[in-house]
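A.B. asks: Residue numbers (the numbering used here): 1 to 326. My questions all concern the structure below.
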Amino acid sequence: MHNDLTDIAGLSVGQAEDEAVRTGVTLVLFDEPAIAAIDVRGGGPGTRESDVLRPGGLVEGVDAIVLSGGSVYGLGAADAVCAALGAEGRGYALMPQPGVPASPIVPAAILYDLANGGDKGWGEEPPYARLGRAALDDARRRAPVRLGRAGAGFGARAGALPGGTGSASVKSREGYTVSALVCVNSFGSVTVPGTQQYWAAPFERESEFGGLGCAPASLDDLEDWGEAKFNPGLRANTTLAIIATDAALTPDQARRVAIMAQDGMARAIRPVHTPFDGDVVFVASTGRAGLPDPAPLSLARLGNLAADCLARAIARGVHHARMTKL
């Protein structure tokens with residue numbers, strides 16, 4: 001196992017960056033349409049095709065999910081991916097007809113990296129369509145996920161620390177696999193005030209984010225946010241995550257996992273889900289493994305593993321980003 005999202009059978013991950021702009025795009029491409037759901041907790045989200053994942057919708061499967069830097073400009077990455085997949089004949093069609101293109105389902109979410117010092121003088125041609133196509137090409141190479149300064153997390157900040165892309169996975173006792181991929185651009189801090197230890201330390205496996213151990217069990221000041229951003233801006237902070245599993249889920253079950261997985265952010269970032277953040281969690285099921293009976297109990301286990309994986313992925317992403325200067 002790679003300890004990343006590519007441990008889930010039936011998907012691949014693509015990443016692309018523009019070093020001059022200090023931004024990037026991450027894409028998850030599914031071999032076949034995957035059951036998906038979304039949960040939004042931040043006060044300033046930016047999304048595309050999120051309504052299609054709401055309860056009672058016509059379409060249940062997604063062809064790809066895109067995470068992008070660039071704030072609203074970054075939504076153009078998903079447009080480019082949609083166009084490329086449509087040209088290949090992928091997408092949803094209620095009644096296929098000759099000469100009528102299908103509609104690829106490509107939900108997306110964006111984070112704000114516009115004020116990170118990169119060259120944003122792109123005029124009427126933001127780089128995100130190009131980066132979206134590059135990420136799609138990268139996904140087809142089926143490489144492991146690059147951590148830290150990579151993809152949509154390339155120009156991110158995690159509080160006062162460098163942000164980045166993280167991923168983690170686990171194989172359950174019941175035989176299915178759960179994994180998380182995250183791009184961390186949070187207002188809150190991922191480390192305990194006055195220490196180098198990560199809030200996610202209790203969930204670490206095999207020193208995957210430095211093996212620094214746990215900080216003291218109590219805080220002297222509950223209002224001490226440590227390495228949170230000193231001067232947050234509205235809509236300027238976001239943690240974007242994709243939880244994937246090979247366990248077969250219904251849309252409602254995927255939605256419950258998304259809700260539970262949000263607790264992984266709370267385990268790894270403090271504070272989280274603030275008015276300044278646009279926190280979003282997608283969940284996708286490739287359906288290649290059964291969900292053991294009784295399903296409600298197995299779903300509870302899966303959701304908790306998803307939260308643990310997300311906490312680990314957050315710390316891994318920041319840890320790798322801290323090892324590389326921006």
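No residue lacks a Cβ here, since even glycine has one placed at the ideal position from N, Cα and C. Since we're looking at a predicted model, the values are computed, not measured.
Within the same chain, show all residues whose beta-carbon is closer than 6 Å to that of ASN116, passing over the 5 residues directly before and after it, in chain order.
C.D. replies: Residue numbering aside, residue 116 sits at position 116 when the sequence shown is read from its first letter. Cβ neighbours of ASN116 beyond the five flanking positions: ARG22 and GLY155.
A.B. asks: When we look at the beta-carbon of ALA306 and count the other beta-carbons within 10 Å, is it buried (16 or more) or exposed?
C.D. replies: Taking the first residue of the sequence shown as position 1, residue 306 is located at position 306. Buried, by the Cβ-count rule.
A.B. asks: Determine the extent of the alpha helix (DSSP H) in which LEU302 is found, giving its start and end residues.
C.D. replies: Taking the first residue of the sequence shown as position 1, residue 302 is located at position 302. Per DSSP, LEU302 belongs to the alpha helix (DSSP H) from 295 to 322.
A.B. asks: Which residue wins for smallest C-alpha separation from ASP63, given the options GLN197, GLY89, ALA300 and GLN253?
C.D. replies: Here residue 63 is taken as the residue at index 63 of the sequence shown, counted from 1. With distances taken between Cα atoms, ASP63 lies closest to GLY89.
A.B. asks: Helix, strand or coil for TYR112 per DSSP?
C.D. replies: Locating residue 112 in the sequence shown gives position 112, counting from the first residue. Three-state result, TYR112: coil.
A.B. asks: What is the DSSP secondary structure of ALA143, reduced to helix, strand or coil?
C.D. replies: Locating residue 143 in the sequence shown gives position 143, where the first residue counts as 1. ALA143: coil per DSSP, three-state reduction.
A.B. asks: Taking the Cβ atom as the reference point for each residue, do ALA200 and ALA268 lie within a distance shorter than 7 Å?
C.D. replies: Counted from its first residue, the sequence shown places residue 200 at position 200. Counted from its first residue, the sequence shown places residue 268 at position 268. Yes.
A.B. asks: What does a CB cutoff of less than 6 Å around ILE243 pick up in its chain, not counting 5 residues either side in sequence?
C.D. replies: Translated into the one-based positions of the sequence shown, residue 243 becomes position 243. Counting only Cβ-Cβ distances below 6 Å, and skipping sequence neighbours, we find ALA180, ALA261, VAL283 and ALA306.
A.B. asks: Please confirm if the segment 118 to 134 is in contact with the segment 68 to 81, defined as three or more CB-CB distances below 8 Å between the two stretches.
C.D. replies: As far as the Cβ criterion goes, the segment 118 to 134 touches the segment 68 to 81, which means the pair count is three or higher.
A.B. asks: Beta-carbon within less than 8 Å of ARG146's beta-carbon, same chain only, minus the 5 sequence neighbours each way: which residues are those?
C.D. replies: Numbered from its first residue, the sequence shown carries residue 146 at position 146. Answer for ARG146: GLN15 and THR165, listed in chain order.
A.B. asks: State the CB to CB distance for the pair GLU19 and ALA108, rounded to an integer number of angstroms; the pair is presumed to be in contact (CB under 8 Å).
C.D. replies: The residue you call residue 19 lines up with position 19 of the sequence shown. The residue you call residue 108 lines up with position 108 of the sequence shown. Actually they are not in contact, since the Cβ atoms of GLU19 and ALA108 sit about 22 Å apart, beyond 8 Å.
A.B. asks: Going by beta-carbon coordinates alone, are ALA248 and LEU291 separated by less than 7 Å?
C.D. replies: Here residue 248 corresponds to residue number 248 of the sequence shown, with the count starting at 1. Here residue 291 corresponds to residue number 291 of the sequence shown, with the count starting at 1. A contact, by the Cβ cut-off of 7 Å.
A.B. asks: From LYS171, VAL184 and THR177, pick the residue whose C-alpha is nearest to that of GLY159; which is it?
C.D. replies: In the sequence shown, the residue the question calls residue 159 occupies position 159. The residue with the shortest Cα to Cα distance from GLY159 is VAL184.
A.B. asks: May I ask which residues mark the beginning and end of the beta strand (DSSP E) holding ALA84?
C.D. replies: Numbered from 1 along the sequence shown, position 84 holds the residue referred to as residue 84. Element bounds for ALA84: not the beta strand (DSSP E) but the alpha helix (DSSP H), 76 to 87.
A.B. asks: By DSSP, does ARG235 sit in helix, in strand, or in coil?
C.D. replies: Taking the sequence shown and counting its residues from 1, one reaches residue 235 at position 235. With a pLDDT of only 48 at ARG235, under 50, the local geometry of the prediction cannot be trusted, and the value read off the model is given with reservation. In this structure, ARG235 counts as coil in the three-state DSSP scheme.
A.B. asks: Relative to the C-alpha of PRO271, which candidate in VAL28, GLU208 and SER186 has its C-alpha closest?
C.D. replies: Taking the first residue of the sequence shown as position 1, residue 271 is located at position 271. The shortest C-alpha separation from PRO271 is found at SER186.
A.B. asks: Looking only at its own chain, which residues have a Cβ that is under 6 Å from the Cβ of ARG149, when we skip the five neighbours before and after it?
C.D. replies: The sequence position of residue 149 within the sequence shown is 149, counting from 1. Taken in chain order, the residues that qualify are GLY164, ALA321 and THR324.
A.B. asks: Rounding to the nearest angstrom, what Cα-Cα distance links TYR112 and VAL182 in this structure?
C.D. replies: Here residue 112 corresponds to residue number 112 of the sequence shown, with the count starting at 1. Here residue 182 corresponds to residue number 182 of the sequence shown, with the count starting at 1. Taking the straight line joining both Cα atoms gives about 14 Å.
A.B. asks: Would you report the Cα separation of ASP277 and GLU32, rounded to the nearest angstrom?
C.D. replies: Within the sequence shown, the letter at position 277 stands for residue 277. Within the sequence shown, the letter at position 32 stands for residue 32. Those two C-alpha atoms are separated by around 32 Å.
A.B. asks: By a C-beta neighbour count over all protein chains shown, 10 Å radius and 16 as the cutoff for buried, is SER207 buried or exposed?
C.D. replies: Position 207 of the sequence shown, counted from the start, is the residue given in the question as residue 207. Exposed: under 16 other Cβ atoms inside 10 Å.
A.B. asks: So which of GLY188, ILE105 and ARG288 has the shortest CA-CA distance to ARG157?
C.D. replies: For this step, residue 157 is matched to residue 157 along the sequence shown. If we check each option's Cα against that of ARG157, GLY188 comes out closest.
A.B. asks: PRO216: buried (16+ other C-beta within 10 angstroms of its C-beta) or exposed?
C.D. replies: Taking the sequence shown and counting its residues from 1, the one referred to as residue 216 is at position 216. Classification for PRO216: exposed.
A.B. asks: Would you kindly report the start and end of the unbroken alpha helix (DSSP H) that includes PRO251?
C.D. replies: Along the sequence shown, one-based indexing puts residue 251 at 251. Element bounds for PRO251: 251 to 268.
A.B. asks: Report the three-state DSSP secondary structure of GLY92 (helix, strand or coil).
C.D. replies: Residue mapping note: residue 92 aligns to position 92 of the sequence shown, counting from 1. Here residue 92 is Tyr; the residue named in the question, Gly, does not match the sequence. TYR92: strand per DSSP, three-state reduction.
A.B. asks: Identify the residues that DSSP records as bridge partners of VAL283: which are they?
C.D. replies: As a first step, residue 283 must be located in the sequence shown, where it is residue number 283. Its beta-bridge partners are ALA37 and ILE243.
A.B. asks: When the Cα atoms are used, what is the spatial distance from ASP119 to GLY70?
C.D. replies: Taking the first residue of the sequence shown as position 1, residue 119 is located at position 119. Taking the first residue of the sequence shown as position 1, residue 70 is located at position 70. If I take the Cα positions, the gap works out to 12 Å.
A.B. asks: Going by alpha carbons, who is nearest to SER298 out of ARG173, ARG133 and GLY43?
C.D. replies: Here residue 298 refers to the residue found at position 298 of the sequence shown. The residue with the shortest Cα to Cα distance from SER298 is ARG173.
A.B. asks: Starting from the Cα of GLY91, find the closest Cα among GLU17, ALA80 and ILE105 and give me that residue.
C.D. replies: As a working note, residue 91 is residue 91 in the sequence shown. The candidate whose alpha carbon is nearest that of GLY91 is ILE105.
A.B. asks: Drop a sphere of 10 angstroms on the beta-carbon of GLY123, count the other beta-carbons inside from all chains shown, and report buried for 16 or more, exposed for fewer.
C.D. replies: By 1-based counting over the sequence shown, the position of residue 123 is 123. Exposed, since its Cβ has fewer than 16 Cβ neighbours within 10 Å.
A.B. asks: Is ASP137 helix, strand or coil by DSSP?
C.D. replies: Indexing the sequence shown from 1 puts residue 137 at position 137. ASP137 falls in the helix class under three-state DSSP.
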